[in-house]
Structure formats: C-alpha cells, structure tokens
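What follows is a set of notes on a single structure, which appears directly below.
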Amino acid sequence: MMKKGLRRGLKGLGGLMLATGLLLLAGTAYEAYQSTQDMKSYTAPGKMYEVSGRNMHLYTTGRGNATVVLASGWGTPNPYVDFSPLYNKLKSQVKIAVYDRFGYGYSDYTDRPRDIDTITEEIHQLLRVSGQRPPYIMVGHSLGSLETVRFAQMYPDEVAGMVMIDGGSPEYYSTVAMEQSDWYFDSARLLVKTGIVRTLLHSDRLTESLVVNPDLVTESMRKAATISTLKHAYNDNVIGEMRNSKTNAAHILEHKKEFSFPLTILTAGSEKPSEGSRAWQADQADFASWSSQGTQVTVAHAKHDIHNSQPDIVANEILELVRRSGEL
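The sequence shown maps to residues 5 to 332 in the working numbering.
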C-alpha cells in the first residue's frame with residue numbers, strides 16, 4: 005500500500021516537473037520572440053558615437069549657454085527615460101546632455117574594465133566627439149556621483165559646478181561594499197530569459213518599482229524603459245561597476261582636493277530613519293565639504309530618485325547653481 009502511494013506521489017511529482025519544464029520552455033521561446041520584436045522599435049532618441057571602439061549613446065536637448073550633463077545611478081535601465089521629468093523642466097533655459105554608460109540604454113557593451121578612470125575617460129571622449137562645449141554643470145544621481153567627482157578631478161577646467169541627486173560621497177562608497185552573490189544575478193537573468201519578468205511588468209506597480217513610474221513618462225518612454233530593463237538585466241558592465249565601486253571610491257579619495265566651484269548636495273529626507281539611513285544622512289552633510297562653495301539641501305517627502313519624485317525642486321536647485329557658477 006505504501007509502495008503504491010509512493011509510486012503515485014513520484015508520478016505526480018514527475019508530471020509537475022514536466023509541466024513546469026514545458027512552461028519554462030514556452031516562456032523562453034516567448035521571450036526570445038518578443039525580444040526580437042522589441043528591437044524593431046528600440047530606436048535611440050539621441051545619437052551614437054564611437055568611443056573606444058564601441059558605440060555610445062548621447063541624448064541632447066535644450067538651449068542656452070550652459071550644458072548640464074546628467075549621470076544616472078547604478079543599474080538605471082534607460083537614463084534618457086529616467087531623467088525625462090527633470091530635463092523637461094530645464095531644457096527651456098539650459099542645454100542637456102544625458103549619456104548612457106556602456107551596458108545601459110542604447111549603448112553597446114564593452115570588454116574594458118569598469119574602473120573609475122576608464123569610465124570617466126569614456127564619458128569625456130563621448131562629450132568631446134559629440135561636440136559638447138565645456139565648462140559643464142555635472143549632475144550625478146546615486147552611484148553616478150563617483151564618475152561625476154572623478155570627471156572634475158581629471159578635467160578640472162571643464163567643470164563649472166556640480167549637483168548630487170542623493171549621491172553618495174567617495175568616503176561613503178569606500179566603506180560600503182555593494183555586493184550581491186552570483187546566484188542572485190543568475191536567478192534574475194533566468195527570470196528574464198523565461199519571460200517571467202516581462203509578464204510581471206504588465207503591472208503598473210511593478211513597473212514603478214523595477215523600471216520607472218509610468219505616471220511620469222509617456223507610453224512610448226515606458227515601453228523603451230521596459231525594453232531596456234529586459235535587454236540589459238544585470239549585464240557584465242553593470243555588475244562590473246558595482247563590484248568596483250569600493251576600489252573606485254578609494255581611488256578618488258587618493259586624489260581628493262577641495263573644489264573651488266559651487267557644489268550642491270540634494271538629500272532625500274527620511275521620515276523614518278534606520279541605522280543605515282542615518283549613516284547616509286551624516287555622509288550627505290559631510291559631502292558638501294568637498295567644495296569651498298558646498299551646500300546641502302534636504303528635500304522632504306522625497307524618494308532616492310528625487311529627480312522623479314520632486315523634479316521641480318531639483319530643477320530649481322540646478323538652475324540656481326548654474327547662476328552661481330556664472331553660466332546662466
């Protein structure tokens with residue numbers, strides 16, 4: 005009786021495994037087909053430029069004498085879409101340049117290491133070959149703060165001011181390891197490959213948490229950001245940035261020198277601070293000391309992506325810094 009029950013149980017388990025395998029196979033075929041269809045409409049809104057033997061994407065808009073260069077945070081699928089609520093507030097008064105690092109948005113992948121000097125040199129090369137004219141107002145979100153600070157160190161004559169959008173200081177990133185195990189990335193890529201993530205992204209709530217708030221962008225932008233998310237999910241370039249963040253920050257600290265241009269640190273206010281958020285808040289206050297003209301502004305009721313939750317405040321602070329720098 006027990007053996008018969010065991011056989012029945014094993015048979016049921018085998019059937020479940022077979023059904024799961026067939027579903028995953030069907031999901032993989034579905035994702036492969038949809039990915040091919042995606043690429044037919046995945047047109048770069050800006051222009052592609054050859055940088056270190058690969059194509060790098062730069063989107064420009066706006067008018068005026070000052071050029072504001074926007075550096076996205078780590079893992080942002082599509083910087084052009086992510087920054088749109090902000091640059092739409094700015095483009096009537098300043099020029100805008102939004103770049104995609106390799107492995108992001110519309111840019112290619114690269115085999116070059118993701119150390120901070122390589123990344124920064126690529127950004128500089130992109131701005132130069134695309135015809136942008138310094139000095140720039142550099143704006144960095146989150147981990148984008150590192151390349152922004154390093155740009156000012158490597159090319160001091162090309163920076164007139166800097167704004168951080170809840171960006172961590174080199175001191176902070178030199179002590180905090182941004183690490184995830186390989187199984188996490190492998191699992192995430194498997195969920196993409198089998199069509200599960202694409203299915204989940206039909207939900208506005210999940211799209212908001214994983215991609216972009218659909219209420220803030222056009223439908224075509226939402227589609228572009230979704231395609232970017234599926235296309236670039238935890239690729240080697242993105243992972244390389246994360247795994248090099250601590251050493252990159254330490255390298256910047258080795259070259260620390262007080263900046264003379266204006267620096268504004270925008271910090272998302274935390275209503276219920278945890279131990280980690282208190283450390284972040286303390287770092288934000290200290291970050292302003294990187295410049296003799298440094299100031300910190302805490303933005304109440306804001307999320308980490310302040311440029312999405314409070315774009316008017318961020319735009320006003322950028323324009324104020326542009327005026328202080330004498331570029332407006």
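Virtual Cβ for every residue (Gly too), placed ideally from N, Cα, C.
Note that the structure is a prediction, hence the values are computed from the model and not measured.
Beta-carbon proximity list for residue i, same chain, < 6 Å, skipping 5 on both sides
i: S173; result: D287, F291
i: A304; result: G273
i: S96; result: none
i: D104; result: H61, P83, Y110, S111
i: V201; result: L195
i: R154; result: I120, T124, I256
i: S264; result: S296
i: L74; result: F87, V102, V143
i: S281; result: S274
i: N252; result: I120, L150
C-alpha gap between residue i and residue j, whole angstroms
i: M6; j: F189; result: For M6, the predicted model reports a pLDDT of 47, less than 50, meaning its position is unreliable and no value from the coordinates is stated.
i: P89; j: V72; result: 15 Å
i: R209; j: V216; result: 10 Å
i: G66; j: V143; result: 16 Å
i: H206; j: H259; result: 46 Å
i: N59; j: N239; result: 16 Å
i: A289; j: L147; result: 17 Å
i: N82; j: S232; result: 6 Å
i: M150; j: E262; result: According to the sequence as given, residue 150 is Leu; it is not Met. C-alpha separation (whole angstroms): 15 Å.
i: M363; j: T203; result: Outside the displayed span of the chain (5 to 332) sits residue 363, for which this structure offers no information.
i: I169; j: F87; result: 11 Å
i: I123; j: G244; result: 11 Å
i: E162; j: L131; result: 11 Å
i: N248; j: Y37; result: 34 Å
i: F106; j: T114; result: 6 Å
i: Q341; j: P160; result: Since the first residue shown for the chain is 5 and the last is 332, residue 341 is missing from the structure and cannot be characterised.
i: S45; j: A283; result: 43 Å
i: M246; j: E126; result: 17 Å
i: L212; j: R226; result: Looking at the sequence provided, one finds Glu at residue 212 rather than Leu. Those two C-alpha atoms are separated by around 10 Å.
i: W187; j: L214; result: 19 Å
i: G68; j: N320; result: 16 Å
i: E54; j: I100; result: 20 Å
Cut-off 7 Å between Cβ atoms - residues of its own chain near residue i, not counting five sequence neighbours on either side
i: T302; result: T271, G273
i: A237; result: A192, R193, V196
i: L325; result: I141, G165, V167, P266, T268
i: P315; result: P89, L90, K93
Three-state class that DSSP yields for residue i in the structure shown
i: K197; result: helix
i: F263; result: strand
i: A283; result: helix
i: E151; result: helix
i: L210; result: helix
i: S224; result: helix
i: E162; result: helix
i: S111; result: coil
i: N217; result: coil
i: A156; result: helix
i: K51; result: strand
i: H308; result: coil
i: L239; result: At residue 239 the sequence reads Asn, which differs from the Leu that was named. In this structure, N239 counts as coil in the three-state DSSP scheme.
i: Y46; result: coil
i: R58; result: strand
i: T80; result: coil
i: V326; result: helix
i: A75; result: strand
i: Q297; result: strand
i: G273; result: coil
i: A292; result: helix
i: Q184; result: coil
Selected residue, minimal CA-CA separation from residue i, among the options
i: V242; options: A33, Y46, D86, S111; result: S111
i: S296; options: P218, T268, S146, N239; result: T268
i: M43; options: P138, A229, E162; result: A229
i: A33; options: W294, G77, T198; result: T198
i: P218; options: T251, T152, S313, G171; result: S313
i: H308; options: G171, E125, R226, Q38; result: G171
i: V318; options: S39, T40, Y91; result: Y91
i: Q1; options: R154, M246, F106, V98; result: With the chain covering only 5 through 332, there is no way to say anything about residue 1.
i: P139; options: Q41, I100, A70; result: A70
i: A48; options: S224, S293, Q285; result: S224
i: W294; options: E35, I100, A156; result: A156
i: E175; options: N320, R327, Q285; result: Q285
Beta-carbon proximity check, residue i vs residue j, cutoff 8 Å
i: Y63; j: G50; result: yes
i: Y108; j: S134; result: no
i: H128; j: H311; result: no
i: V221; j: V102; result: no
i: S56; j: R116; result: yes
i: K250; j: A306; result: no
i: L257; j: S329; result: no
i: L323; j: S39; result: no
Distance cut-off 7 Å: residue i Cβ against heavy atoms of the ligand GTP
i: A254; result: No copy of the ligand GTP appears in this structure; indeed no ligand is present at all.
Residue-level contact to chain D via CB, residue i, 8 Å cutoff
i: Y140; result: The structure shown contains no chain D; it holds only a single protein chain.
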